[in-house]
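Letter by letter, the sequence shown follows residues 9 to 316 of the working numbering.
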Amino acid sequence: MDKFKQLETFVAVATKGSLTAAAALEGIVPAVVGRRMDALEARLGVLLMRRTTRKLTLTPEGQAFLEDAQRLLAEWVAAEGAVSAGGAQAKGHLRVTAPAGFGRRHVAPLVPGFLAEHPGLSLSLNLSDRVIDLVNEGFDCAVRVGDLPDSSLVSQRLADNRRLVVATPEYLKRAGTPQHPSDLARHHCLMLSSEASQTRGWAFQVDGKVMHHRRSDRSGGRLDCTDGQVLHDWCLQGLGLAWRSTWEVAGDLQSGRLVSVLDAFAAPPNGVYAVYAQRAHQPLRVRLWIEHLKRHYARREYWMRVGG
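And the structure:
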């Protein structure tokens with residue numbers, strides 16, 4: 009049986025949520041899809057999803073495999089497109105969204121160069137910390153930082169993202185320095201509002217396990233905001249602790265304006281991703297945009313230059 013077809017079928021079943029829906033995409037009967045899934049799991053020697061008459065649920069192994077499978081399929085489509093497109097020029101309009109803070113620093117500055125390389129394209133950039141619904145709101149691609157809860161979208165990892173808990177020396181002198189994540193309940197924690205994209209809270213690694221500090225856990229925090237830059241500014245004013253990315257606070261740490269705490273409990277870095285809706289053929293303009301970002305983010309000197 010075609011291994012590539014098994015991979016396509018697995019992604020279709022996982023994103024559509026049922027064998028029947030995946031079968032409808034190809035115009036085949038669900039039994040054929042079921043046999044492909046059985047063959048894939050037998051070949052890998054692992055259970056990828058639990059299937060009942062009412063529900064289909066990915067196992068932890070299946071969830072991890074889904075991200076890899078989506079990436080492989082996307083790279084295959086890109087490779088085919090590079091050959092079939094040949095010298096074709098990308099034309100049309102590209103709609104992109106990104107988190108406000110990261111977008112200002114690491115997306116918007118790369119747009120002029122991209123348009124200079126592709127004069128047949130125009131681009132609209134939406135900067136918002138709200139999680140945009142790409143399909144219903146008509147966006148071609150999103151740059152997202154951190155966890156990706158929606159598995160129906162295709163993602164490609166562009167870079168690592170490490171976060172730190174930071175505060176001014178003045179705040180720490182006044183409120184004390186937390187020694188353990190549990191101490192945060194006694195501090196002013198400057199956190200994103202619930203409608204922003206950072207829904208799981210601050211991540212820490214304690215005794216080998218990742219734990220999260222959420223807004224509901226805090227007792228003394230009086231401020232939150234949907235804009236990460238505002239939280240950064242409040243932190244610099246000594247109003248509390250903030251959980252910020254290294255690309256945002258590197259300069260402040262080097263100058264001494266901010267100090268990082270709880271470094272021993274830092275969670276493994278998450279990622280910066282390009283995210284787009286699953287399609288049979290990825291538009292050339294989207295592929296070129298993602299390649300443009302990857303080319304810049306892959307260069308170590310880029311992050312050194314921008315202070316990240």
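Glycine included, each C-beta is placed from N, C-alpha and C at the ideal position.
Query	Result
Three-state secondary structure (DSSP) of G70	helix
Residues of its chain near A93, where Cβ-Cβ distance is below 7 Å and the 5 sequence neighbours each way are ignored	Its pLDDT being 48, under 50, A93 is placed unreliably in this model, and the coordinates cannot settle the point.
Cα-Cα separation, N169 to A275	11 Å
Per DSSP, cross-strand counterpart(s) of W251	V173
Cα-Cα separation, E309 to V104	25 Å
Where G279 falls: helix, strand or coil (DSSP)	strand
For M219, the residue or residues it bridges with in DSSP	F212
Helix, strand or coil at A306 according to DSSP, with G and I counted as helix	coil
Nearest residue (CA-CA) to V139, options D260, T234 and L192	T234
DSSP three-state assignment for V238, whether helix, strand or coil	helix
Segment limits, alpha helix (DSSP H) that includes R113	A108 to H114
Length of the line joining the Cα atoms of V212 and G128	In the sequence on display, residue 212 carries Phe and not Val. Those two C-alpha atoms are separated by around 45 Å.
Chain-order list of residues whose beta-carbon lies under 7 Å from that of R58 (same chain, five-residue window excluded)	T65 and T67
Span separating the alpha-carbon of V257 from that of G264	10 Å
Distance CB(V267)-CB(A175) smaller than 8 Å	yes
Contacts around S227, its chain only, beta-carbon distance under 6 Å, and the 5 residues preceding and following it disregarded	Because S227 sits at a pLDDT of 48, beneath the cut-off of 50, its placement in the model cannot be relied upon, and the point is left open.
Per-residue burial, Q78 [other beta carbons within 10 Å of its own, 16 or more giving buried]	buried
Through-space distance from D155 to G216, alpha-carbon basis	19 Å
Three-state class that DSSP yields for G100 in the structure shown	strand
Same chain only: Cβ atoms within 8 Å of L244, ignoring 5 sequence neighbours per side	T176, D260, R265 and L266
CA-to-CA distance, H196 to S190, given in whole angstroms	13 Å
Bounding residues of the alpha helix (DSSP H) (the contiguous stretch that carries V41)	P38 to L52
Cut-off 6 Å between Cβ atoms - residues of its own chain near S163, not counting five sequence neighbours on either side	L156, Y281 and V283
Contact check, R242 vs L231, beta carbons under 8 Å	According to the sequence displayed, residue 242 carries Trp and not Arg. Yes, the Cβ-Cβ distance between W242 and L231 is below 8 Å.
Pairwise C-alpha distance: Q187 and E83	44 Å
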